[in-house]
Each structure stands twice: as C-alpha cells, then as structure tokens.
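Counting along the sequence shown from 1, when you hit position 112 you're at 112 in this note's numbering, and nothing is skipped either side.
C-beta: ideal position from N, C-alpha, C; glycine also.
Bear in mind the structure is a predicted one, so any value in this text is a computation, not a measurement.
The block underneath contains the structure these notes are about, expressed in structure tokens.
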Amino acid sequence: MRRRGVLVAVAICLLSPGAYGQSSTPSTESFRIEWVRRPGWMRPGVDGYLYNDSRWRVTNVRVRAQVVDDSGSVLREATVSVFGNAVPGVRTFFVLPPLKEAESYQLKVMSFDLISQEALPAQQQGP
C-alpha cells in the first residue's frame with residue numbers, strides 16, 4: 001500500500017506543470033523587437049534590437065522586415081539576420097536598411113535555431 005502511494009506521488013510530480021521542470025521550446029512569439037533610426041550625425045540606417053524572452057539560447061535568427069507607409073501599406077520586404085547568439089534576458093543588436101521619412105518597419109521573427117536551454121538565475125531557482 002505504501003509503495004502505491006509513493007508511485008502516485010511520483011506520477012503527480014512528473015505530470016504536474018511546474019516552472020522548474022518545464023523545457024518547452026520557444027516560438028517566434030518568444031521574442032520582442034525594437035528599432036530606432038540613427039541620429040543625423042551618424043551614417044544613415046536603422047538599428048534593431050531583439051529581446052529573447054524564452055529560456056533558450058538561440059542562433060541564426062531571421063527577421064522579416066516589412067517597410068510600410070503611413071497608411072500601413074507594405075512597400076517592400078526583406079529578410080535580415082541577427083548575428084550571433086540571442087541569450088535569454090539580453091538585448092541583441094542587428095542592422096536594418098535606412099528608411100525614408102514617411103516609412104516605418106513591421107518586424108517579425110521568422111525562424112531561429114536552438115542552442116541550449118539556460119538555467120534559471122540563482123534567485124529564481126526552486127529549493
């Protein structure tokens with residue numbers, strides 16, 4: 001009887017969705033992107049920043065960059081690469097082509113490759 005109780009307890013622990021044991025892989029929605037035009041005294045261009053909100057270190061991140069006008073119509077589209085690894089909780093820099101005055105970007109992560117799952121920081125780990 002005691003053995004059955006232990007087996008039930010182990011099964012509950014294995015099947016319960018706890019943050020400590022989760023290893024779900026990130027999706028394209030696991031990333032946030034910001035962009036900013038460079039100041040006039042710099043070479044023309046747009047700087048992009050990728051924020052990795054997952055627990056996975058990723059690489060080969062590809063971003064779809066759609067240039068839109070004030071009405072939201074897509075004028076042109078390109079795919080840009082984020083060089084290096086995108087580490088969880090760290091901002092990763094990438095470069096976008098310059099924009100005309102009335103244009104803006106709509107950016108979305110299209111693909112990436114997983115490297116490894118990162119450990120939780122010490123203050124967030126369970127006992």
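query: Inter-residue spacing [alpha-carbon to alpha-carbon] between M110 and R62; result: 6 Å
query: Closest residue to R76 among R64, I115, P39, A119 (Cα-Cα distance); result: R64
query: Inter-residue CB distance, L99 and V67 (contact presumed, cutoff 8 Å); result: 7 Å
query: Proximity to A102 [Cα-Cα], best of L96, G45, D70; result: D70
query: Residue environment, F31, which counts as buried when at least 16 other CB atoms sit within 10 Å; result: buried
query: From L96, P97, R43, R55, residue whose alpha carbon lies closest to that of S24; result: R55
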